[in-house]
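Contents: one structure, followed by commentary.
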């Protein structure tokens, strides 16, 4: 078979050898959530890289439904791993730096105890006697392994899809056992749509006449049609509509001549037939039932409130990632997790990565620069947190660790005088006292946040829409959540921050009323900076020249292509605050063209205003 | 069974009696697209209402994959029809007004010739000998029926989903046989994703051991598992993610105790099991294979160019409808059809109806007011076209038919003087010569278009984003396409119109460069009207009061909540045209506050400008 058509994210095409796999059996019975008990549990796992002396560089990777312990090649001659693109020396999850652990899950069919394992009580495979397991049961076994490896706290747990559910469960079940968690393309529970596909898949398996009620291990053939149908359905849900167009539309009517009982008339049919047939060779139908059931019954909370209750006790720093075209675990579900985590006031970052590759995007190279860069930066940030903790424990008195090593960014003192910029950042920094909590709305690449971080604040986080800016902020060690301000700040609790900053962003926001109301709900004080339409040069331009004033920083932007959509004077803003019942505590007026602050007639003489407001 | 859970758009739950159905057999052999031939064809059909004397009030309704001839009840005691919400006395497709015909499709299993019919050559059912049919073959049979009923031209053909594909085929195959066509939730060809679901469904049927290669009619049981799996998949794709949440999430873990071989643990599972089981009782697996194959091989064109070639010869007026949450026949596919039809310069309207009900939305009451209102208005518009044609044929000399019956809308002469409005419409109407083709961008409820229509123009059509405005325009007898101007006008050919009007819309558009470039590509002349920021009152407001000018018509709108996002003076626009190389042919400057036109210093004295431009 040598046809591009058949390539998929499922690089594990056949039952490869696990020559680097290790095996450990825990004799203590495992009590399961369903009430049953397994008398013993065997775990097959693989490790990569070296555990350091402080035993604090271990990263646990959780696999998706059809994966196994073989996350990556161990050497050139090794079989491909399912996440080779991300795990390896110098890669995103850098095995030169981290000790990476990946284990076949409980219920799986690649060595860890599952339906095809021998039940020590009967000497025969468990098959239908294998109890119904939960994600929690899977994680309990993973935790036994981590104990066994002598690791008291993981640097991070990371997983996508089913592995993302495991990661979520880890954080809630063993909150003190990891410094960071990376949850990719996952959710608090499946949508009814995703659940429905799993149900149809299970119906196809269990109603296949060769299923024999699950006792097919001694038969000539198991439920190969049902399992293949299940896999075909899976593959449709892993791809996006767009990626299917790209993959199949050019030769839609060109079937491939492959040996299969399934329809091959269309290119997409040949692909599905191939994927179905291959899967049957390497996977066990009972395992598929077991793991898909665990996935379907996972529920971190039916409501936002329940979700918040489950996440409140977690102690890790978070990175959530979703993909715009993922319809199996759609972005809004990651956003629900993000909102609940924000409500618990945890440190987190989030990005909905622009991709047309669907759910499988995290297994593909297409957007690796973006989401991979974020995972890399996040792991380094967590590593730094752990180092600081270690140093704090060693020295007891700590100086502001980062101010020494991280110099302020590329903004020399004189810069703002030349181009009339940055002076507003200086003023905003001055307005914020030490030991406060600050939220920066529309934080861009994190320049203001970085300045604030170098001061002693309790918490700084940002909201930004642009994906590359989110990545930049993460690289600066910051926490940033990708979101559209026009949708409000519903994730945040009332008065969760001392200051909420809206710096040179008000004029680009369509729903001014909403964003100001929200910033004053979420923050005790709001700091708003905006260009002042009342500036004398702008007034003259309209009054004398009869032309629309150009307020945009970038002088190439005129009325027809500026990003600004709202135009106001300082007095307009004052009137607005009066009308809304907002109190103005302080107004800093600047003439950034002259590089001076303005006290006389600011509505005429300042081109930028910084206003501190509150609800009363 | 009395549980809301089991309600679905599939109101035809069991094999109902077709007591009002009629039957006709055509003895002439039917040559099929695949090359085979059927020696004779029987058609089962139902009719509603009365054919009028001119035989020009017949509406042919095409059904979807699991439908049949029973589109609606014939009386109170009759079984429910599959589209009772839309067809009946006084309803959207008003049987007091129209003669409605609906026939079971070729390949179906409700009386019309299909796989379960007796092959006259063998005296046994066709089963696997039934040839592969196409949508075209289905339509050929429908056309025979229409001939048989003595109807030379239908008022309209209408259909959704598979019925939408039939409607498309009708228009291309028999272009002179219908005055109108309503194409709902359809496409020129399936997406690879939709195709993939059909393929998995067919694999489930043909790999069911009880399929017996299709020869199961004399067996105790046919491929009931495979057909049920196919139906479950279908039901998932007919619903949207949102509607599944609404239907299943509240009692997600509450299965129903129903007698079924399928999984019932989750509410959605019980629903799918029920739908699968019920379908098997009323539908034939071979018919499902036959009709889904016809659907999958339908292709009105692989490229936009091929599509345009297929549609160029059509002669009907069009209404296309899609639903925002339909992911089986997603809106972009209807938009491809709309764009191709626009390129052919046909008369058409289109709306992407806001709905969270998915593909099945057209079978549900939820948005009936909206899409139903559009279908009703469209049929009345087509009826009027047909009447005008008839009268033209009778009288040879025709006066402007509509000016007499349609008086100008609610805008008495003095109105614009009072509130400073409408005067710009008067001026625009004056600028447009008779017998020209006009496109109105952002046409609203069609007020300007209606004024233009009352003049002798060759063609007037509008683009509008707001759904209720689209409905209003349709009700005025106008053609309007729902689209976002910010996305450009790529559907239109170069210089397709004489005039393109952008009336008081420029200031609300973000991408000014794009929309002006597009209007001058599509039109020989562009007419742009906009509020003039240079008006003396606005200048004074900024210069003297230091407040942002309020240009918005509605005086409650200020800087923070105006819909305007672009602010320009007449001189700004002049400079812009110079920069872009656009030629200004004429500028009409108005002071609508005074109700006068302005000739002296328009940039200072006019609050509204109307400018006629072209590319050179």
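Protein chains in written order, with our numbering: chain A, 340 to 955; chain B, 340 to 955. Glycine residues also receive a C-beta, built at the ideal position from the N, C-alpha and C atoms.
Straight across, the Cα-Cα distance linking residue 530/B with residue 640/B is about 13 Å. Legend: CB atoms of the segment 570-587 of chain A lying less than 7 Å from CB atoms of chain B belong to residues 571, 572, 575, 580, 583, 584, 587.
Contact between residue 480/B and residue 369/B holds, with the beta-carbon distance rounding to 7 Å and staying under 8 Å. Within chain B, the residues whose beta carbon sits less than 7 Å from that of residue 942/A are 885, listed in sequence order. Residue 950/B: member of the beta strand (DSSP E) spanning 947-953, first to last residue. Neighbours of residue 624/B across chain A, judged by C-beta separation under 8 Å, do not exist; the nearest C-beta is about 14 Å away. Along the segment 702-734 of chain A, the beta strand (DSSP E) does not occur as any fully enclosed run of 3 or more residues. When rounded, the separation of the alpha-carbon atoms in residue 689/A and residue 954/B is 46 Å. Between residue 767/B and residue 868/B, the beta carbon gap of about 7 Å places them in contact (Cβ cut-off 8 Å). Under the DSSP assignment, residue 381/A falls in the beta strand (DSSP E) whose first and last residues are 380-387. One Cα belongs to residue 495/B, the other to residue 402/B, and the distance between them is close to 14 Å.
For residue 376/A, none of the residues of chain B pass the 7 Å Cβ criterion, the least Cβ distance being about 22 Å. Under DSSP, residue 928/B shares a beta bridge with 937/B, 948/B. Near chain B, meaning a CB-to-CB distance below 7 Å, the residues of the segment 913-928 of chain A are 915. Residue pairing by DSSP places residue 694/A in no beta bridge whatsoever. Within the model, the alpha-carbon separation for residue 848/A versus residue 905/A is close to 7 Å.
Where residue 657/B is concerned, the enclosing beta strand (DSSP E) starts and stops at 656-662. With contacts defined as CB atoms closer than 8 Å, residue 714/A and residue 432/A qualify as a contacting pair. Contact between residue 571/A and residue 539/B holds, since their C-beta atoms are separated by about 5 Å, short of 8 Å. In this structure, 548/B is the residue among 548/B, 606/B, 569/B with its C-alpha nearest to the C-alpha of residue 559/B.
Assignment of beta-bridge partners to residue 841/B by DSSP yields 780/B, 867/B. Within the DSSP bridge table, the entry for residue 911/B names no partner.
Under the DSSP definition of a beta bridge, residue 399/B partners with 440/B, 496/B.
Among the CB atoms of chain B, none fall inside 8 Å of the CB of residue 773/A. Listed along the chain, the chain B residues whose CB falls inside 7 Å of the CB of residue 865/A amount to none; the nearest CB is some 15 Å away. Excluding five sequence positions before and after residue 678/B, the CB atoms of its chain that fall closer than 6 Å to its own CB belong to 830, given in chain order. Distances from the CA of residue 921/B to each of 858/B, 896/B, 939/B were compared; the closest alpha carbon is that of 858/B.
In this structure, 675/A is the residue among 623/A, 439/A, 675/A, 610/A with its C-alpha nearest to the C-alpha of residue 642/A. Around residue 729/B, the same chain offers 393 as residues with beta carbons nearer than 7 Å, after the five sequence neighbours per side are excluded. In terms of beta-carbon proximity, residue 613/A stays away from the interface with chain B, with every pair separated by 8 Å or more. Taking the Cα of residue 437/B as reference, the smallest distance to any Cα among 946/B, 396/B, 803/B is reached at 396/B. Per DSSP, residue 883/A lies in no beta strand (DSSP E) segment and is marked neither H nor E.
In this structure residue 903/B touches residue 891/B by the C-beta definition: roughly 6 Å separates them, less than 8 Å.
Three or more Cβ pairs drawn from the segment 683-699 of chain A and the segment 577-593 of chain A lie within less than 8 Å of each other, which places the two stretches in contact.
Beyond the five residues adjoining it in sequence on each side, residue 602/A comes within less than 6 Å, by CB distance, of 608 in the same chain, given in chain order. Under a criterion of Cβ atoms nearer than 8 Å, the residues of chain B adjacent to residue 530/A are, in order, 580, 583, 584.
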